[in-house]
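Enquirer: Shown below is the structure under consideration.
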Amino acid sequence: MRIDRLDTFLQRVGDRPRVLVKITTDEGVAGWAEVYNHGPDLAVPPLLDYLFAQIRGMDATRPAFVNRFLLQSCRFPPGALGLAAIAAIDHALWDITGHALGVPVYRLLGGAVRDRVRVYAGLYSAPDVGELRERTAELHERDGFTAFKLSPYRRDPHRTRFGLVAKALGDYFAGVRATHPDDWEFAFDAHACLWEPRQAVALGAALAPNEPMFLEEPLRPEHIPAWARIRAELPVPLATGESLYTPNEFLALLTAGGADIVQPDTCVVGGLTQMTKIAALAEAHYVPVSPHNPLGPLATAANVHFAAATVNFGILEFKPETVGWCPDPYEPVDGHLELRPGRPGWGVEIDEAALRADDWVRWHRRVPIRPDGSTAWM
Numbered sequence: 524m525r526i527d528r529l530d531t532f533l534q535r536v537g538d539r540p541r542v543l544v545k546i547t548t549d550e551g552v553a554g555w556a557e558v559y560n561h562g563p564d565l566a567v568p569p570l571l572d573y574l575f576a577q578i579r580g581m582d583a584t585r586p587a588f589v590n591r592f593l594l595q596s597c598r599f600p601p602g603a604l605g606l607a608a609i610a611a612i613d614h615a616l617w618d619i620t621g622h623a624l625g626v627p628v629y630r631l632l633g634g635a636v637r638d639r640v641r642v643y644a645g646l647y648s649a650p651d652v653g654e655l656r657e658r659t660a661e662l663h664e665r666d667g668f669t670a671f672k673l674s675p676y677r678r679d680p681h682r683t684r685f686g687l688v689a690k691a692l693g694d695y696f697a698g699v700r701a702t703h704p705d706d707w708e709f710a711f712d713a714h715a716c717l718w719e720p721r722q723a724v725a726l727g728a729a730l731a732p733n734e735p736m737f738l739e740e741p742l743r744p745e746h747i748p749a750w751a752r753i754r755a756e757l758p759v760p761l762a763t764g765e766s767l768y769t770p771n772e773f774l775a776l777l778t779a780g781g782a783d784i785v786q787p788d789t790c791v792v793g794g795l796t797q798m799t800k801i802a803a804l805a806e807a808h809y810v811p812v813s814p815h816n817p818l819g820p821l822a823t824a825a826n827v828h829f830a831a832a833t834v835n836f837g838i839l840e841f842k843p844e845t846v847g848w849c850p851d852p853y854e855p856v857d858g859h860l861e862l863r864p865g866r867p868g869w870g871v872e873i874d875e876a877a878l879r880a881d882d883w884v885r886w887h888r889r890v891p892i893r894p895d896g897s898t899a900w901m
């Protein structure tokens with residue numbers, strides 16, 4: 524069964540652009556994948572075409588071989604765009620292999636070690652407590668969510684004395700706790716906007732009295748020793764990893780003791796083939812893996828199969844969005860995504876008729892400007 528064709532489709536998930544990939548074999552078996560939008564998004568289709576030319580005719584049921592070949596075809600480490608494209612090819616080939624053998628992908632990874640996958644709702648903002656309570660109640664009633672992720676910024680961290688930013692967060696989280704059931708969990712994602720370790724520690728201290736599930740990316744990712752420092756000083760679980768690309772980078776973070784939870788993105792690190800290696804490294808360091816996944820139904824499907832077969836999986840990020848091109852996505856039931864043991868590959872269908880018209884939206888990352896005119900991280 525040989526790789527014969529690669530097609531890309533320009534689509535969207537919510538307000539974000541998304542490139543979808545379909546690989547078809549010479550026997551007509553197809554596999555699907557979703558590309559993470561690092562940007563520039565329109566650079567992805569020609570990059571995929573370039574990579575496809577190198578693998579056309581290869582055995583489509585050897586995703587690990589193809590993954591390694593594509594990594595080694597790069598003279599220099601491929602970085603964000605290259606690994607996102609390699610991940611898409613990797614995922615499509617895992618899907619093909621599952622369909623070819625008539626089994627779910629998690630069976631190819633050694634079988635399920637759990638019956639369902641716990642998820643938290645990614646909300647990514649810090650609405651007033653009353654508004655938040657309405658939203659969380661709706662999500663709990665509809666999908667059974669008992670875990671949510673919010674922003675830690677009630678005030679602009681680039682235009683406000685940071686002590687006031689931290690105080691506003693502490694007051695806010697106290698209000699959140701007071702208006703929600705005690706056993707519900709809340710995480711806070713700082714989005715790597717900060718680069719001073721003391722500020723990360725201040726956010727953790729503000730959250731600590733009310734026990735967050737974790738504090739995510741309270742620091743820029745580049746300098747690993749700083750992560751070791753803040754983890755030693757933080758009184759709350761420290762999570763990071765969406766901005767790291769390779770097993771080597773995760774090994775450096777883990778060896779330094781720089782995280783309580785790692786959050787690789789399977790669509791960023793080069794696909795499921797690389798994701799399993801990162802999970803093994805984390806397990807050896809007694810660290811759970813809670814994948815970064817603010818994406819759509821194909822990325823979620825890949826994560827479900829990873830989580831099903833991974834012993835040290837923790838909890839999966841889930842963005843409540845619907846799309847027209849996937850009629851049967853994994854949807855939460857009682858705060859979990861159920862496995863689909865009777866369905867091969869990823870276990871979802873793609874409506875190609877819905878993909879015939881481009882549903883593309885342009886999205887540009889904004890760069891904050893400080894009062895003195897200098898730029899800051901978003």
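Residue numbering for the sequence shown follows the numbering used here, starting at 524 and increasing by one per position. Using N, Cα and C, we set each Cβ at its ideal position, and we do this for glycine too.
Mind checking who Phe532 pairs with in its DSSP beta bridge?
Expert: Beta-bridge pairing links Phe532 to Leu543.
Enquirer: Quick one: what's got a C-beta closer than 7 Å to Thr548's C-beta in the same chain, skipping five residues either side?
Expert: Only Met524, Arg525, Ile526, Asp527, Ala583 and Ile619 meet the Cβ criterion.
Enquirer: Would you call Glu657 buried or exposed, if buried means 16 or more other Cβ atoms sit within 10 Å of its Cβ?
Expert: Under this definition Glu657 is an exposed residue.
Enquirer: Figure out for me which residue from Leu543, Phe829, Ala782 and Ile801 has the closest Cα to the Cα of Ala607.
Expert: Nearest of Leu543, Phe829, Ala782 and Ile801 to Ala607, Cα basis: Leu543.
Enquirer: Could you check which residue in Gln595, Arg682 and Pro675 has the C-alpha nearest to that of Val724?
Expert: Answer by Cα proximity: Pro675.
Enquirer: Give the C-beta separation of Pro852 and Val871 to the nearest angstrom, bearing in mind that I take them to be a contact with Cβ-Cβ under 8 Å.
Expert: Indeed, because the Cβ distance is near 6 Å, the residues count as touching under 8 Å.
Enquirer: Distance check for Asp712 and Glu739, CA to CA, integer angstroms please.
Expert: Approximately 5 Å between the Cα atoms of the pair.
Enquirer: Quick one: what does DSSP say His746 is sitting in, helix, strand or coil?
Expert: Coil.
Enquirer: Apart from the five residues just before and just after Gly793, which ones in its own chain have a Cβ nearer than 6 Å to its Cβ?
Expert: The answer, listed in chain order, is Leu606, Ile609 and Ala610.
Enquirer: Check Arg752 in the structure and name its three-state DSSP category.
Expert: It is helical.
Enquirer: Write down every uninterrupted run of the beta strand (DSSP E) in the stretch 835 to 879 whose length is 3 residues or greater and which is fully enclosed by it, in chain order.
Expert: Listed in chain order, they are 839 to 841 and 859 to 861.
Enquirer: Since Val834 contacts Glu806 with CB under 8 Å, what's their CB separation in whole angstroms?
Expert: Val834 to Glu806, Cβ: 6 Å. Contact.
Enquirer: Assuming Leu742 and Trp750 make a contact with CB atoms under 8 Å, what is their CB distance in whole Å?
Expert: Sure, about 7 Å apart at Cβ, within 8 Å.
Enquirer: Using the DSSP secondary-structure output, state which residues sit across from Pro586 in a beta bridge.
Expert: Pro586 pairs with nothing; no bridge assigned.
Enquirer: Please determine, among Leu632, Leu570 and Val759, the residue with the shortest C-alpha to C-alpha distance to Leu604.
Expert: Comparing Cα positions, the closest option is Leu570.
Enquirer: Could you tell me the alpha carbon to alpha carbon distance between Gly653 and Phe773, rounded to whole angstroms?
Expert: Roughly 39 Å separates the two Cα atoms.
Enquirer: Specify, as a first and last residue, the run of the beta strand (DSSP E) that Phe709 falls within.
Expert: Per DSSP, Phe709 belongs to the beta strand (DSSP E) from Glu708 to Asp712.
Enquirer: According to DSSP, is Thr620 part of a helix, a strand, or is it coil?
Expert: Thr620 falls in the helix class under three-state DSSP.
Enquirer: Taking the beta strand (DSSP E) that Gly645 belongs to, which residues open and close that run?
Expert: Arg639 to Gly645 is the span of the beta strand (DSSP E), which, as asked, contains Gly645.
Enquirer: Here's the rule: buried if 16 or more other CB atoms are within 10 angstroms of the residue's CB, otherwise exposed. What is Pro867?
Expert: When all chains shown are included, Pro867 counts as buried.
Enquirer: Terminal residues of the continuous beta strand (DSSP E) containing Thr799?
Expert: Unbroken run through Thr799 is the alpha helix (DSSP H), Leu795 to Ala807; no beta strand (DSSP E).
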